[in-house]
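There are 2 protein chains.
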Amino acid sequence: MKPNPFDSQLDPRLSRILTFVVESHVSRAEPVGSQYVRAAYHLSISPATIRNAMRELEELGLLLHPHTSAGRVPTEAGYRYYVDHLMRPETVPIGVRRILDDAIGRARTQSRASDLAPILARATRQLAVMAVRSREEAVDQVNLVALDGGHVVVAVGARDGMVATDTWRPERSPCAADLRRAESWIRARLPAAGPKTLDALALEARAGAPSEIAGFIEEALTRASRLLSTREEPAVRVDGADNIASQPEFQAPGTLRPLVSLLANQESLVRTLDAFSGESVPRVAIGREIESPAIRACSIVGMGVAVGGLRGAIGVMGPVRMPYRRVISLVSYVGARLAGA
Amino acid sequence: MKPNPFDSQLDPRLSRILTFVVESHVSRAEPVGSQYVRAAYHLSISPATIRNAMRELEELGLLLHPHTSAGRVPTEAGYRYYVDHLMRPETVPIGVRRILDDAIGRARTQSRASDLAPILARATRQLAVMAVRSREEAVDQVNLVALDGGHVVVAVGARDGMVATDTWRPERSPCAADLRRAESWIRARLPAAGPKTLDALALEARAGAPSEIAGFIEEALTRASRLLSTREEPAVRVDGADNIASQPEFQAPGTLRPLVSLLANQESLVRTLDAFSGESVPRVAIGREIESPAIRACSIVGMGVAVGGLRGAIGVMGPVRMPYRRVISLVSYVGARLAGA
DNA sequence: GTTGGCACTCTACGGTCGAAAGTGCTAACG
DNA sequence: CGTTAGCACTTTCGACCGTAGAGTGCCAAC
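Note that the protein sequences, when read in sequence, are chains G and L. Oh and the first sequence: position 104 is 103 in numbering that gives the first Met the number 0, straight run, nothing missing. Oh and the second sequence: position 174 is 173 in numbering that gives the first Met the number 0, straight run, nothing missing.
1. Tell me whether L:THR48 sits in a helix, a strand or coil according to DSSP, three-state version.
2. Taking the alpha carbon of L:ASP83 as the point to measure from, which residue in L:ASN142, L:LEU126, L:ASP139, L:LEU17 has its own alpha carbon closest?
3. Taking the alpha-carbon positions, what's the G:TRP184 to L:THR164 distance?
4. Using beta-carbon positions only, say whether L:ARG105 and L:ARG310 come within less than 8 Å of one another.
5. Determine the chain L residues that contact G:GLY317 at a beta-carbon separation under 7 Å, and present them in chain order.
6. Between G:LEU262 and chain L, is the shortest Cβ-Cβ distance under 8 Å, so that the two count as touching?
7. Given a cut-off of 8 Å, decide if G:ALA240 and L:ALA263 are closer than it, judged by their beta-carbon atoms.
8. What separation, rounded to the nearest whole angstrom, lies between the Cα atoms of L:SER331 and L:LEU115?
9. Quick one: list the residues of chain L neighbouring G:ARG256, beta-carbon separation under 8 Å, in chain order.
10. Under 8 Å by Cβ, that's how I've got G:VAL138 and G:ALA157 pegged, so tell me the actual separation to the nearest angstrom.
11. Report, in whole angstroms, the separation of the C-beta atoms of G:SER276 and G:GLY317, which I expect to be a contact under 8 Å.
12. Just list the beta strand (DSSP E) runs in the region 157-220 of chain G, keeping only unbroken ones of 3 residues or longer that don't cross its boundaries, in chain order.
13. Please report the distance separating the alpha-carbon of L:GLN8 from that of L:LEU42.
14. At the level of alpha carbons, what is the spacing between L:TYR81 and L:ALA52?
15. My output table needs one value for G:LYS1: the three-state DSSP class, helix, strand or coil.
16. Check whether the Cβ of L:VAL144 lies closer than 8 Å to any Cβ atom in chain G.
17. Counting pairs of beta carbons, one from the region 55-75 of chain L and one from the region 12-27 of chain L, are three or more of them closer than 8 Å?
18. Taking the DSSP output, what are the residues bridged to G:GLY149?
19. What span of residues does the beta strand (DSSP E) with L:VAL283 cover, start to end?
20. Report yes if the C-beta of L:SER172 is less than 7 Å from at least one heavy atom of the ligand GDP; otherwise report no.
21. DSSP three-state label for G:GLY77, please.
22. Give every residue of the same chain whose Cβ lies closer than 8 Å to the Cβ of L:ALA244, excluding the five residues on either side of it in the sequence, and list them in chain order.
23. Any idea which residues DSSP pairs G:MET321 with across the strands?
24. May I ask which residues mark the beginning and end of the alpha helix (DSSP H) holding L:SER26?
25. Measuring straight from C-alpha to C-alpha, what distance separates L:VAL326 and L:ALA223?
26. Return the chain-ordered list of same chain residues with a C-beta closer than 7 Å to the C-beta of L:GLU55, the five sequence neighbours on each side being excluded.
27. What would DSSP say about L:ILE103, mapped onto helix, strand or coil?
28. So with CB distances below 7 Å, who are the chain G contacts of L:GLY341?
29. Just to check my reading of the structure: L:GLN140 and G:LEU146 have Cβ atoms closer than 8 Å, yes? What is that Cβ distance to the nearest angstrom?
30. Return no unless some Cβ of chain G is closer than 8 Å to the Cβ of L:GLY148.
31. When you compare each of G:ALA47, G:ALA312, G:ALA201 to G:VAL269 by their alpha carbons, which one comes out closest?
32. My output table needs one value for G:ASN142: the three-state DSSP class, helix, strand or coil.
33. If I'm right that L:VAL31 touches L:GLY70 with Cβ under 8 Å, what's the distance once you round it to whole angstroms?
34. Determine the burial state of G:CYS297: buried for a count of at least 16 other Cβ atoms within 10 Å of its Cβ, exposed for fewer.
35. Give me the Cα-Cα distance between G:VAL155 and G:ARG171, rounded to the nearest whole angstrom.
36. By the three-class DSSP mapping on this structure, what secondary structure does L:ILE98 have?
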């Protein structure tokens, strides 16, 4: 972290003006002039005074002039100061809260956390991302069960209680005794195993297990391993892309392209969001603060969540000119519910 | 189908010119003029002659004039005629074929057909979609199995051999006898049931099953039902969006928006692709032939596929000005491999 | 059916002009 | 010292216009 020259509070006069400029610009999407601020907030001071204040803010690097005769626009530092010092927390309106609670409840019980992305996208009118992956817990138990019809279920359980299953139909159906033997062969060799250990164990089985069930055990362990590793590649859900595509910052030709690439290439989006998964309260990354160079013109509000056996992050992305108050309050609300007991 | 006035072969002279115009325009992305055609194909006829032919083609509705002094552009009917009568099939080069074979093999064995979308996108340099859903087969069997640690697996098997499982941990762990009783209660009432029947059965269980296992059965059936219906919502994978976003037809402001919506709202894409799932050879939908009004400026080459217990469709989407030869050959190749035994 | 010649039409580009917006500066005021 | 009024200044934006370039349509001739 570089030292922030604005840690000390700004002059209250300048604070007020900065707040006005930021909030005006967020809602109007145009440079805001001194006249406009005066009229919009019914100020009793003259435009000239406001201009003086704006000039000071510009010298501090918090505002910016697109050109000589345009109003002011907040810089990224300006938004940063606004988010850190000026913005007051907003409470989520009761109606929205009900909708969210409902969706969160469903996500919890059905372990389909990704369904929250559309809800969050609608509520914030931005792009919402939800990425969850399973905890990388040690494997605790492996069960093998025969079903009617010759199918076999392999179920792996992690120490934290998460369970995943896969099904297949072996060429030669094993009898119940074989299943029990295979299970205990595995159990005897199962200390605390991650997916790599399971792979190693599969190899060991091919060589060392009783020959009539060796192939079967190998298959089961291979599937168990794949179960864990495919679980590790996060389930991601993105929604609301058209919300931000319709924003004025994406109207200029060529500006939408990075967004399309992002949607097409969700891995990089997930990687970006991963940086937020450690946060227990919303963190705001503004513009260039985002690592990924592809999305320089955007901001992200994100935090980590945990649902059932899954953990991951939620994030809301939009142009730097974003209604931070509302977005933060919503992310915070959803995040708290998903992190909480 | 409306009667096609062009079923009879076009004059060979006109056919040649139309072919040249289509192929030139596909690769150059600009209106093609008579001079250009002459030079590019080393024709020994004069530009004036070519112009005469073009005028005839324009009168037939196969070519179009953006304005008085621009070259010609194929109309959608022109592309249609080209695809139906002029285009010669292309063979997939051996190198590409190897890459595809490899990917197809992996998709088969791992039942992860969606991984083919990125491959197809790279090969065609267009947008590729792969959507698979499980067959809507009648439920054949429901198994309940206890695992170590108090978890229970519910496995539903469909008549065609597909199996899906879900796991949960009931509040009160049922004993082995309870499980068997629950299983046979269900089995006795299981004719050939779809997800709706399973839901109905869950309700019946709440009222009519032995009280000590009623709640358990209800839960199991609800999960089984959800298993089928979430399986029914197809797994979809889209890739290569940036391929077509970089095409000149998407450079004009506002033209990219529908594409973004499409990527954000993959349901409608899936619905559009569904229309192709019945085809056993590639079908080409050009421009307005596509039902969905959102993607009027695009064409789709798609066909149905089947992988393991899954069925669905692959599709390649791009601007109407698309290299149909190459795309069709690739879709055909992949599709044939996925449909074959 | 094909060709050469030529007038015609339309777009794209670059420059000029006036209106509108909003500032910066200076001088005056409490 | 903060605030204010007045005014010149800068810059963008849209409209307008004239020219260069591209490619056609048509006509008369082969």
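Note that beta-carbon positions come from the ideal geometry of N, C-alpha and C, so glycine has one too.
Taking the coordinates as given:
1. Position 49 of the second sequence, counting from 1, holds the residue named residue 48 of chain L. Correct three-state label for L:THR48: helix.
2. One-based indexing of the second sequence puts residue 83 of chain L at position 84. Checking every option, the nearest Cα to that of L:ASP83 belongs to L:LEU17.
3. Position 185 of the first sequence, counted from the first residue, corresponds to residue 184 of chain G. Position 165 of the second sequence, counted from the first residue, corresponds to residue 164 of chain L. Going from the Cα of G:TRP184 to the Cα of L:THR164 covers about 24 Å.
4. Working through the second sequence from its first residue, we reach residue 105 of chain L at position 106. Working through the second sequence from its first residue, we reach residue 310 of chain L at position 311. Taking the C-beta atoms as reference points, L:ARG310 is found no nearer than 8 Å to L:ARG105.
5. In the first sequence, the residue the question calls residue 317 of chain G occupies position 318. Listed along chain L is no residue with a C-beta nearer than 7 Å to that of G:GLY317; the closest approach is about 14 Å.
6. By 1-based counting over the first sequence, the position of residue 262 of chain G is 263. With 8 Å as the cut-off, G:LEU262 counts as an interface residue toward chain L.
7. What you label residue 263 of chain L is simply residue 264 of the second sequence in a count that begins at 1. What you label residue 240 of chain G is simply residue 241 of the first sequence in a count that begins at 1. For L:ALA263 and G:ALA240, yes; Cβs fall inside 8 Å.
8. Along the second sequence, one-based indexing puts residue 331 of chain L at 332. Along the second sequence, one-based indexing puts residue 115 of chain L at 116. Rounded to the nearest angstrom, the two C-alpha atoms are 14 Å apart.
9. What you label residue 256 of chain G is simply residue 257 of the first sequence in a count that begins at 1. Per Cβ cutoff of 8 Å: ASP241, ALA244, SER245, LEU255.
10. Position 139 of the first sequence, counted from the first residue, corresponds to residue 138 of chain G. Position 158 of the first sequence, counted from the first residue, corresponds to residue 157 of chain G. Going by Cβ atoms, the distance from G:VAL138 to G:ALA157 rounds to 6 Å, so yes, they are a contact pair.
11. Mapped onto the first sequence, residue 276 of chain G falls at position 277. Mapped onto the first sequence, residue 317 of chain G falls at position 318. Not quite, the Cβ-Cβ distance comes to about 20 Å (not below 8 Å), so this is no contact.
12. 162-167
13. Residue numbering aside, residue 8 of chain L sits at position 9 when the second sequence is read from its first letter. Residue numbering aside, residue 42 of chain L sits at position 43 when the second sequence is read from its first letter. Taking the straight line from one Cα to the other gives about 22 Å.
14. Numbered from its first residue, the second sequence carries residue 81 of chain L at position 82. Numbered from its first residue, the second sequence carries residue 52 of chain L at position 53. Their Cα atoms are separated by approximately 16 Å.
15. Locating residue 1 of chain G in the first sequence gives position 2, where the first residue counts as 1. Here G:LYS1 scores only 40 on pLDDT, less than 50, and its place in the model should not be relied on; the value that follows carries that caveat. The answer is coil: DSSP assigns G:LYS1 none of H, G, I, E or B.
16. Residue mapping note: residue 144 of chain L aligns to position 145 of the second sequence, counting from 1. Yes, because at least one Cβ of chain G sits closer than 8 Å to the Cβ of L:VAL144.
17. yes
18. In the first sequence, the residue the question calls residue 149 of chain G occupies position 150. Answer is none; G:GLY149 lacks a bridge partner.
19. Taking the second sequence and counting its residues from 1, one reaches residue 283 of chain L at position 284. Start and end: 282-285.
20. This structure does not include the ligand GDP; it has no bound ligands of any sort.
21. Within the first sequence, numbered from 1, the residue matching residue 77 of chain G stands at position 78. Looking at G:GLY77 - three-state DSSP - the assignment turns out to be helix.
22. Position 245 of the second sequence, counted from the first residue, corresponds to residue 244 of chain L. So the list reads LEU255, LEU258, once near-sequence residues are dropped.
23. Taking the first sequence and counting its residues from 1, one reaches residue 321 of chain G at position 322. Paired residue(s): none; G:MET321 is not in a bridge.
24. What you label residue 26 of chain L is simply residue 27 of the second sequence in a count that begins at 1. Its alpha helix (DSSP H) spans residues 11-27.
25. The count along the second sequence starts at 1 and reaches residue 326 of chain L at position 327. The count along the second sequence starts at 1 and reaches residue 223 of chain L at position 224. Here the alpha carbon of L:VAL326 sits roughly 40 Å from the alpha carbon of L:ALA223.
26. Indexing the second sequence from 1 puts residue 55 of chain L at position 56. Counting only Cβ-Cβ distances below 7 Å, and skipping sequence neighbours, we find LEU13.
27. On the second sequence, position 104 is the one that residue 103 of chain L refers to. Note: L:ILE103 maps to helix in three-state DSSP.
28. There is simply no residue 341 of chain L to check, as chain L begins at 0 and stops at 340 in what is shown.
29. Residue 140 of chain L sits at position 141 when you count from the first residue of the second sequence. Residue 146 of chain G sits at position 147 when you count from the first residue of the first sequence. Contact flag correct, Cβ pair sits at about 7 Å.
30. By 1-based counting over the second sequence, the position of residue 148 of chain L is 149. It does; some Cβ of chain G falls within 8 Å.
31. Here residue 269 of chain G refers to the residue found at position 270 of the first sequence. For G:VAL269, the nearest C-alpha among the options comes from G:ALA312.
32. As a position in the first sequence, residue 142 of chain G is number 143, starting the count at 1. Of the three classes helix, strand and coil, the one that applies to G:ASN142 here is strand, per DSSP.
33. Against the second sequence, residue 31 of chain L aligns to sequence position 32. Against the second sequence, residue 70 of chain L aligns to sequence position 71. Right, the Cβ-Cβ distance comes to about 5 Å (below 8 Å), so this counts as a contact.
34. For the purposes of this step, residue 297 of chain G is taken as the residue at position 298 of the first sequence. G:CYS297 should be labelled buried.
35. If you number the first sequence from 1, residue 155 of chain G lands on position 156. If you number the first sequence from 1, residue 171 of chain G lands on position 172. Their Cα atoms are separated by approximately 22 Å.
36. Indexing the second sequence from 1 puts residue 98 of chain L at position 99. L:ILE98: helix per DSSP, three-state reduction.
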